[in-house]
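All residue numbers for the sequence shown refer to the working numbering, where the first residue is 284 and numbers rise by one.
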Amino acid sequence: SSEVLNNVYWTTMAGARLLVTDGHASPDDFLVYCGYAGWSAGQLAGELDRGAWMMLQTSSGLVAEIKRTVDATHPERAGLDTWNMLVEKIGRELEASKS
Numbered sequence: 284s285s286e287v288l289n290n291v292y293w294t295t296m297a298g299a300r301l302l303v304t305d306g307h308a309s310p311d312d313f314l315v316y317c318g319y320a321g322w323s324a325g326q327l328a329g330e331l332d333r334g335a336w337m338m339l340q341t342s343s344g345l346v347a348e349i350k351r352t353v354d355a356t357h358p359e360r361a362g363l364d365t366w367n368m369l370v371e372k373i374g375r376e377l378e379a380s381k382s
């Protein structure tokens, strides 16, 4: 696994299984994201230039908050509740940056 933030790591499914099997982690320690997103050359930069993406500075504390949100939510709503929490934070950051 590779540390991407303080105490937040990226790993593969095989790596996660090994960490659990070797006793270094439990299944509850992981958030699993599956999916695919792809852009043609220059497409993402263009979307960023147009303001099509909302960005939020992150930290291991925010990742822990996302995990708490996911853990406290019915699985069918976890993505929506996480999205709503993050959009609310982005709104607060935008308001703070205007003052």
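Glycine included, each C-beta is placed from N, C-alpha and C at the ideal position.
CA-CA distance, Tyr316 to Gly329, rounds to 25 Å. One Cα belongs to His307, the other to Arg360, and the distance between them is close to 29 Å.
When DSSP states are grouped into helix, strand and coil, Leu288 belongs to the strand group.
Beta-bridge partners of Trp293 (DSSP): Ser285. Membership of Gly344 in the alpha helix (DSSP H) is indicated by the continuous run 343-354. Cβ atoms of Thr365 and Val353 come within 8 Å of each other, at about 6 Å.
Rounded to the nearest angstrom, the gap between the Cα atoms of Thr341 and Ser284 is 19 Å. At the C-beta level, Leu314 and Lys372 stay beyond 8 Å of one another. Contact between Leu339 and Leu363 is ruled out by a C-beta separation of about 17 Å, above the 8 Å threshold.
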